[in-house]
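Trainee: Just dropping this structure here.
In this note's numbering, the protein residues as written are 22 to 717.
Structure (structure tokens):
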């Protein structure tokens with residue numbers, strides 16, 4: 022049996038004013054894990070009594086010398102669940118009624134009394150105390166259950182009242198009916214009026230009485246729910262409609278079977294149904310007169326609904342895009358800061374190694390991986406901020422060829438990748454990064470359409486546009502390039518194909534989307550003055566064609582960015598570096614010190630401004646943009662007020678930050694390497710005003 026544990030606040034009371042009885046009792050109770058409180062007098066004991074009292078330890082002589090009246094009155098006023106245990110310590114042989122009439126008086130006055138004769142063994146006292154405590158804990162449990170029962174009954178009463186329901190119970194054998202006052206009211210009877218099952222049936226009209234009796238017998242025989250609607254005639258002659266619902270309840274202990282249910286007044290509903298039926302009987306005569314009017318109203322409503330749905334759809338799209346953009350932008354910005362620290366430290370480490378080709382090769386591999394991560398974060402930021410497209414002539418053959426390793430990894434094992442690129446194609450006038458992102462998304466969609474394996478085919482050629490509304494506008498002089506992604510998957514039916522480019526429409530399971538749907542690819546193609554065409558049949562795969570405008574501009578197609586040339590040696594300068602990310606700040610400081618500059622570091626715009634206000638001489642300010650409290654542009658404005666010609670370089674991990682705001686500050690995107698940082702510093706120091714240069 023599990024030992025009872027007193028609840029918080031539960032304690033025993035001790036009244037033993039003579040000798041060491043109180044101290045001994047308190048110590049033994051403490052050893053038994055029972056909190057206790059010692060009272061100095063019988064009056065104090067009476068005041069200390071309460072519902073949280075576990076039991077009382079009382080010496081016989083203490084009760085004999087005082088007035089038990091307040092205690093007896095408290096005993097009599099206890100709640101029904103409460104019967105406070107008393108442990109009375111008596112002298113040897115002092116508990117019998119014949120030898121000790123006072124003990125008998127205490128037993129009668131206090132009720133739940135256990136006598137312990139002194140002297141006693143501590144084990145005896147501890148056992149009696151635990152027995153009293155366990156009994157009191159069971160009383161507390163009974164109190165909790167009574168409270169829960171009262172609350173449950175109150176909730177049921179409120180629910181019935183809120184639902185305009187009346188409760189009733191009928192013994193199926195004796196036909197004894199027990200119902201609430203609200204149930205009597207449904208039959209037009211007063212709350213204090215006698216009401217039995219016979220009177221209930223007497224109030225039901227003859228036409229409904231047989232149906233009520235049949236439903237009752239069916240429930241009694243089959244145990245099915247009792248559901249019936251019937252009329253009832255009140256004593257004043259008025260007629261109402263009542264709906265009764267009940268369920269069969271079998272009490273095995275009592276050997277009874279009852280129907281327990283609720284009833285409600287449905288007169289208003291039945292009246293409405295009768296009115297509607299009468300209205301329908303005459304409706305046919307009026308339909309012909311109002312057909313034209315209803316049709317116009319119907320068309321108008323449909324148009325309004327369509328407009329509203331379109332507006333709601335646009336709003337949902339905007340909200341989803343904003344939420345996704347905020348989340349993606351924040352994650353990519355933080356990732357850029359991490360890549361900044363990784364790239365900067367790897368770059369410095371590469372410069373300081375000499376002759377260890379294996380280590381240099383490992384570092385180069387790590388740098389290339391970090392740079393690919395930086396490219397990925399820039400694409401995420403572009404998606405999050407929806408930047409203006411950077412359209413320029415682009416060699417799509419080189420673009421697709423360069424993406425082939427990434428695409429092969431994306432399709433994974435079990436799926437083949439075929440690439441068929443035409444030769445001698447003109448450049449396409451596109452945003453290369455966005456086209457890469459669109460192509461990757463199309464390939465991933467093709468992969469997901471082939472869960473059991475297959476082949477993805479990439480094709481790039483020059484094609485004449487078909488005659489369709491998509492190409493009604495004037496075609497570019499150089500025609501179109503067609504970038505196709507074809508799979509051998511399960512395909513789409515006509516209905517799915519028609520909705521495929523709708524925003525956020527997907528046939529994939531939840532959590533399987535890529536985040537860049539066909540609607541965005543279609544939007545990109547249209548913005549580039551091209552289009553996205555989809556063809557598919559169930560069981561025969563899907564073909565997605567991205568039509569992009571070609572160009573005959575003399576400019577050559579954009580290729581890989583040239584490696585930055587070594588910056589001209591810039592004069593040694595004192596640089597104030599401000600960044601709230603300690604890893605980024607440490608990397609930037611190391612780069613600058615490696616270039617020979619003196620560096621002052623600050624972790625916030627406020628601290629940096631304080632250094633300038635204190636007269637610290639600096640030749641250049643390098644500050645992060647996104648910092649808590651004061652952004653980089655706010656710091657730049659304040660610094661320019663102190664030092665009007667101070668060169669300032671703004672670093673940021675965001676893709677859509679305005680170029681220095683109205684100050685026209687140069688910007689260096691994170692993550693950057695030492696050569697890029699050195700080149701920007703050299704430009705700024707070369708352009709700084711003479712007055713500022715003279716301060717260093």
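No residue lacks a Cβ here, since even glycine has one placed at the ideal position from N, Cα and C.
#1: Near residue 44, what residues of its chain come up, given a Cβ to Cβ distance below 6 angstroms and the 5 sequence neighbours on each side ignored?
#2: I'd like the span of the alpha helix (DSSP H) that includes residue 673, first residue to last.
#3: Alpha carbon to alpha carbon, what distance is there between residue 457 and residue 463?
#4: Ignore the nearest five residues each way along the sequence and tell me which others in residue 23's own chain have a CB closer than 8 angstroms to its CB.
#5: How many whole angstroms separate the CB atoms of residue 92 and residue 66, which I take to be in contact at a CB cut-off of 8 angstroms?
#6: Mapping the DSSP letters down to three states, classify residue 29 as helix, strand or coil.
#7: Pairs of beta-carbons, one from the region 632 to 646 and one from the region 557 to 568, closer than 8 angstroms: are there three or more?
#8: Using 10 angstroms around the beta-carbon of residue 532, count the other beta-carbons present and answer buried if the total reaches 16, otherwise exposed.
#9: Name the residue from 57, 539, 570 whose alpha carbon lies nearest to the alpha carbon of residue 499.
#10: Verify whether the separation of the beta carbon atoms of residue 160 and residue 132 is less than 8 angstroms.
#11: Could you give the first and the last residue of the continuous alpha helix (DSSP H) run that contains residue 48?
#12: At what residues does the beta strand (DSSP E) containing residue 690 begin and finish?
#13: Pick out whichever of 243, 249, 217 has its Cα sitting closest to the Cα of residue 230.
#14: Pop quiz: residue 34 and residue 84 are said to be a contact at Cβ under 8 angstroms. What is the actual Cβ separation, rounded to whole angstroms?
#15: Helix, strand or coil, according to DSSP, for residue 415 in the structure here?
#16: If we ignore side chains and look at the alpha-carbon of each, how far apart do residue 681 and residue 645 end up?
#17: Under a Cβ-count criterion, where at least 16 other Cβ atoms within 10 Å of its own Cβ denotes burial, should residue 255 be classed as buried or exposed?
#18: Taking the C-alpha atoms as reference points, what is the distance between residue 200 and residue 156?
#19: Can you list, in chain order, the residues of its chain with a C-beta nearer than 6 angstroms to that of residue 586? Leave out the 5 residues immediately preceding and following it.
#20: What are the residues that DSSP puts in a beta bridge with residue 107?
#21: Classify residue 220 as helix, strand or coil using the three-state DSSP reduction.
#22: Cutting at 6 angstroms between CB atoms, please list the residues of its own chain near residue 77, excluding the five before and the five after it.
#23: Report buried or exposed for residue 517, applying the criterion of at least 16 other Cβ atoms within 10 angstroms of its Cβ.
#24: By how many angstroms is the C-alpha of residue 572 removed from the C-alpha of residue 507?
#25: Relative to the C-alpha of residue 220, which residue among 208, 268, 228, 684 is closest?
#26: Residue 235 to residue 215, Cα distance in whole Å?
#27: Return the CA-CA distance between residue 714 and residue 545, expressed in angstroms with no decimal places.
#28: Beta-carbon within less than 6 angstroms of residue 698's beta-carbon, same chain only, minus the 5 sequence neighbours each way: which residues are those?
#29: With 8 angstroms as the threshold, decide whether the Cβ of residue 704 is near any Cβ in chain D.
#30: When the Cα of residue 411 is compared with those of 451, 505, 30, which residue comes out closest?
#31: Can you name, in chain order, every residue of its own chain whose Cβ lies under 8 angstroms from the Cβ of residue 497, other than the five neighbours on each side?
#32: Tell me residue 449's beta-bridge partners as DSSP assigns them.
#33: Taking buried to mean at least 16 other C-beta atoms within 10 Å of its own C-beta, is residue 224 buried or exposed?
#34: CB-CB under 6 angstroms to residue 89, same chain, minus the five flanking residues each way: which ones, in chain order?
#35: What is the rounded straight-line gap between the Cα of residue 29 and the Cα of residue 40?
#36: Return helix, strand or coil for residue 703, following the three-state DSSP convention.
Mentor: Well, looking at it:
#1: none
#2: No alpha helix (DSSP H) holds residue 673; the beta strand (DSSP E) holding it covers 669 to 673.
#3: Distance between residue 463 and residue 457, taken at the CA atoms: about 10 angstroms.
#4: For residue 23, the predicted structure reports a pLDDT of 43, less than 50, and the residue's modelled location is therefore unreliable. The matter cannot be settled from this model.
#5: 7 angstroms
#6: coil
#7: Not touching, per the Cβ criterion.
#8: Only weak support is given to the placement of residue 532: the predicted model assigns it a pLDDT of 49, under 50, and the value that follows is read from those uncertain coordinates. So residue 532 counts as exposed.
#9: Ranking 57, 539, 570 by Cα distance to residue 499 puts 570 first.
#10: no
#11: 42 to 52
#12: Annotation: the continuous beta strand (DSSP E) that includes residue 690 extends over 688 to 690.
#13: 249
#14: Not really, about 13 angstroms apart at Cβ, beyond 8 angstroms.
#15: strand
#16: Interpretation of residue 681 is limited by its pLDDT of 44, a score under 50 that renders its predicted location unreliable; the figure taken from the coordinates is listed afterwards. The alpha-carbon atoms of residue 681 and residue 645 are separated by roughly 11 angstroms.
#17: By the neighbour-count criterion, in which a residue is buried when 16 or more other Cβ atoms sit within 10 angstroms of its Cβ, residue 255 is exposed.
#18: 38 angstroms
#19: Below a pLDDT of 50, predicted positions are generally treated as unreliable, and residue 586, at 44, falls in that range; the measurement from the model is reported next regardless. The answer is none, since no qualifying residue turns up.
#20: By DSSP's assignment, residue 107 forms a beta bridge with 77, 134.
#21: Residue 220: helix per DSSP, three-state reduction.
#22: Here the set comprises 34, 107.
#23: So residue 517 ends up on the exposed side.
#24: 25 angstroms
#25: 208
#26: 25 angstroms
#27: Bear in mind that a pLDDT of 49 at residue 714, under 50, signals an unreliable position, so the number given afterwards is only what the model happens to contain. One C-alpha to the other measures close to 48 angstroms.
#28: 612
#29: Absence of chain D from the displayed structure is noted, only one protein chain being present.
#30: 451
#31: 450, 550, 570, 571, 572
#32: Residue 449 pairs with 415, 571.
#33: With a 10 Å radius around the Cβ and a threshold of 16 neighbouring Cβ atoms, residue 224 comes out buried.
#34: Taking residue 89 as the centre and dropping the five residues before and after it, the same chain places the C-beta of 130 closer than 6 angstroms to its C-beta, in chain order.
#35: Here the alpha carbons of residue 40 and residue 29 stand approximately 30 angstroms from one another.
#36: helix
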